[in-house]
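What follows is a set of notes on a single structure, which appears directly below.
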């Protein structure tokens, strides 16, 4: 006897007054009838807890995890299909990856059966579903003679020669030696059989790498001659970037000799437009191994990105080892049926997840430093803390009652600013994190606290009254009655929630500052002016207007608007494209042509540190989806971070970006 099933989900948008429908079809593909079973599934889309479920019962819903059952007494015979329809989702599906991407059946005897789950089908959409990075063919004739991304400040090369087989690095001095070693390791990892670095005995072209005083911190110059190349810079980082530029020129000339050349004279003089050129990775929604994180950092270095923002905690998981609190990883790093954290975002019914041990983190941080990348860790607080609170329930107000919901559908997911044990926990975590991450920056998140957070906490209500008076307390109690169990809008400035969140951020900021570190935060960290502007920076994510306003107020800011720099957003509006859609969409050209400086005053520009790509992972259950969403848009953002606006050119970038490597090697099918 066999027990097996298949799951098909469908999406029917609302039309002509009929409600939308999220169809669930479970087919018994085995040879045994089943009854008294439960169906679990997850995907980015969330069935509303108050949805109507036709021909079924909603048993449990936590964010995007749903557990349903057929009507009482229902028997699913072999070959038959149980069909149910949910009327009511937290948001309508926009792209095929929004739907269920994993499912399982829990049988009456406790057996768990994993399902074959097809991508969600949308009525009226029959185009092939898209995966893999979009291909940008290198043209026979490019607008420029050398292949370099991001494009340098000045390219004044002359002559051409047959591309040398490789480069014989000849560093002069300690910094030059470190830069040469890092470059050699990088190209050996990214391009293992190309032999970019090779000795003179294998026809490597001599490359002298040496110090030259007077250049900027990341500036460099590459000087070409017929029989050698010289790379000069004032710092190890500048020398490394000069070698990356030279390596890109060599690869272009070797791979596309009819399109690109290798110079015999002249110079390339270069320095970045922004000091902060970042890439963020959310490892909580999906877990990425240490090897995958290392691979991404190597790709960042090849694109001359220099800040890796490591998003290590979320509602869905806690991913960093903390010696003082082993339960954080024992409980918070794993998801599965029957666990404190159920299957979420395609993680499946069996125990799935992981975390980064301290030795692994130290290896990654050391690698990043060698490649001129600083690692900025984030522990998001006080919101987005559901996983950690499952592991450490003692961090809640013991007298708290009721339930509030985050906009992502997690109940009671925020650290309580009025509960004193929270601060001992926070300081202990910060101590361990700063020891692991020597860049001296701790990102505390501070985004998306539910408007009704802590409304049932006597401690929080007392704190609100102390800070804002009785009227503010009554306002918060009213918000709970209106929003509590139905989900709430994000925390907004001026609310009672913002009042005590600002007090929390101020206190945590003081802890970070006392330890000699800089505080990073999302734009909400600026609410209530809770951080010292000379000891903090914020990342603006909602829109360009907020970015400009924060810079005008004197906050050092990194621009990362969801509409253009959130790489989980789909490349287009088509159902066939994977990705999210709440902020819209942004194809490679739209991402490339966005200019972060636009609309800022001279005063605001003084506080613009740079820009950052954000890789949120909700949709990225398939690594082929990762490649499609991240590339080539990561290179587009890298060029916008390095190259001055007047030097940018979409036709040039489009002609060159096909030479750049991607993460997993998944390319779109022609």
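In the working numbering, the protein residues as written are 82 to 751.
For each residue, glycine too, the CB sits at the ideal point set by N, CA and C.
For residue j and residue i, the rounded distance between their alpha carbons
i           : j           : result
residue 589 : residue 684 : 28 angstroms
residue 228 : residue 330 : 5 angstroms
residue 152 : residue 434 : 33 angstroms
residue 337 : residue 628 : 41 angstroms
residue 361 : residue 386 : 11 angstroms
residue 314 : residue 725 : 20 angstroms
residue 423 : residue 430 : 8 angstroms
residue 363 : residue 458 : 11 angstroms
residue 517 : residue 322 : 26 angstroms
residue 105 : residue 547 : 50 angstroms
residue 272 : residue 327 : 15 angstroms
residue 400 : residue 549 : 36 angstroms
residue 734 : residue 713 : 10 angstroms
residue 140 : residue 128 : 12 angstroms
residue 303 : residue 343 : 12 angstroms
residue 641 : residue 653 : 19 angstroms
residue 513 : residue 469 : 16 angstroms
residue 508 : residue 443 : 21 angstroms
residue 646 : residue 92  : 28 angstroms
residue 371 : residue 515 : 19 angstroms
residue 598 : residue 522 : 5 angstroms
residue 717 : residue 487 : 33 angstroms
residue 753 : residue 472 : Residue 753 lies beyond the residue range present for the chain, which begins at 82 and ends at 751; the question has no answer from this structure.
residue 568 : residue 578 : Its pLDDT being 46, under 50, residue 568 is placed unreliably in this model, and the value from its coordinates should be taken loosely. Computed Cα separation, rounded: 15 angstroms.
Cβ separation of residue i and residue j, assumed to be a contact under 8 angstroms, to the nearest whole Å
i           : j           : result
residue 379 : residue 267 : 6 angstroms
residue 306 : residue 345 : 7 angstroms
residue 542 : residue 558 : 7 angstroms
residue 311 : residue 201 : Going by Cβ atoms, the distance from residue 311 to residue 201 rounds to 56 angstroms, so no, they are not a contact pair.
residue 527 : residue 586 : 6 angstroms
residue 158 : residue 114 : 5 angstroms
residue 243 : residue 347 : Incorrect: roughly 17 angstroms between the Cβ atoms, too far for contact.
residue 83  : residue 112 : 6 angstroms
residue 250 : residue 265 : 6 angstroms
residue 575 : residue 182 : With 8 angstroms as the limit, residue 575 and residue 182 do not qualify as a contact, their Cβ atoms being about 39 angstroms apart.
residue 720 : residue 232 : 6 angstroms
Cβ shell of residue i (< 6 angstroms), same chain only, five flanking positions each side left out
i           : result
residue 452 : 263 and 382
residue 465 : 395 and 396
residue 635 : 614
residue 257 : 290, 291 and 320
residue 235 : 350
residue 213 : 705, 708, 709, 747, 748 and 749
residue 223 : 340 and 736
Chain-order list of residues whose beta-carbon lies under 8 angstroms from that of residue i (same chain, five-residue window excluded)
i           : result
residue 656 : 175, 176, 177, 203, 206 and 208
residue 355 : 689, 690, 691, 692, 722 and 723
residue 731 : 670, 673 and 674
residue 309 : 286, 287, 288 and 289
residue 218 : 739
residue 144 : 127, 396, 397, 425, 489, 490 and 491
residue 622 : 528, 603, 604, 641, 642, 643, 647 and 695
residue 220 : 340 and 736
Own chain, CB closer than 7 angstroms to residue i, minus 5 neighbours either side, in chain order
i           : result
residue 758 : Absent from the structure is residue 758, since the part of the chain shown begins at 82 and ends at 751.
residue 619 : 602, 603, 604, 606, 607, 631, 636 and 638
residue 707 : 701, 744 and 745
residue 133 : 168 and 169
residue 110 : 85, 86 and 87
residue 95  : 101
residue 130 : 142
Residue i Cβ short of 7 angstroms to the ligand ZN heavy atom set
i           : result
residue 623 : This structure does not include the ligand ZN; it has no bound ligands of any sort.
query = What alpha helix (DSSP H) runs, 4 residues minimum, are completely inside the stretch 282 to 359?
reply = Qualifying alpha helix (DSSP H) stretches, in chain order: 317 to 336.
task = Please specify which runs of the beta strand (DSSP E), each continuous and at least 3 residues long, are wholly inside the stretch 436 to 475, giving them in chain order.
result = Counting only runs of 3 or more, we get 455 to 462.
ask   = Which full runs of the beta strand (DSSP E) of 3+ residues lie inside the stretch 97 to 131, going along the chain?
value = Whole beta strand (DSSP E) segments, 3+ residues: 102 to 109 and 119 to 123.
task = Please go through the stretch 611 to 654 and give each complete beta strand (DSSP E) segment of 3 or more residues, from N-terminal end onward.
result = Correct list: 617 to 621 and 638 to 640.
message = If we require 3 or more residues per run, which beta strand (DSSP E) segments fall completely within the stretch 471 to 537?
response = Within the stretch 471 to 537, the complete beta strand (DSSP E) runs of at least 3 residues are 522 to 526.
Stretch pair the stretch 489 to 501 + the stretch 518 to 538: three plus CB contacts closer than 8 angstroms = The answer is yes - the stretch 518 to 538 touches the stretch 489 to 501, with three or more Cβ pairs under 8 angstroms.
key: Length-filtered (4 minimum) alpha helix (DSSP H) runs lying within the stretch 384 to 446   = Correct list: 408 to 413.
task = Please determine if the stretch 140 to 156 and the stretch 90 to 103 are in contact, where contact requires at least 3 C-beta pairs separated by less than 8 angstroms.
result = No, the stretch 140 to 156 is not in contact with the stretch 90 to 103.
ask   = Can you find at least 3 beta carbon pairs, one from the stretch 182 to 193 and one from the stretch 114 to 124, that sit closer than 8 angstroms?
value = They touch, by the three-pair rule.
Every unbroken beta strand (DSSP E) inside the stretch 653 to 713 [3 residues or more] = Contiguous beta strand (DSSP E) elements confined to the stretch 653 to 713 occur at 689 to 696, taking only those with 3 or more residues.
inquiry  = Does the structure place the stretch 436 to 447 close enough to the stretch 399 to 415 that three or more beta carbon pairs sit under 8 angstroms?
reply    = The answer is yes - the stretch 436 to 447 touches the stretch 399 to 415, with three or more Cβ pairs under 8 angstroms.
query = Considering only residues of the stretch 234 to 289, which uninterrupted beta strand (DSSP E) runs meet the minimum length of 3 residues and lie entirely inside it, listed in chain order?
reply = DSSP runs (the beta strand (DSSP E)) wholly in the stretch 234 to 289: 235 to 239 and 247 to 252.
request  = Enumerate, from N- to C-terminal direction, the unbroken beta strand (DSSP E) stretches of 3 or more residues contained entirely within the stretch 126 to 179.
outcome  = 128 to 135, 138 to 143, 146 to 150 and 162 to 170, all fully within the stretch 126 to 179.
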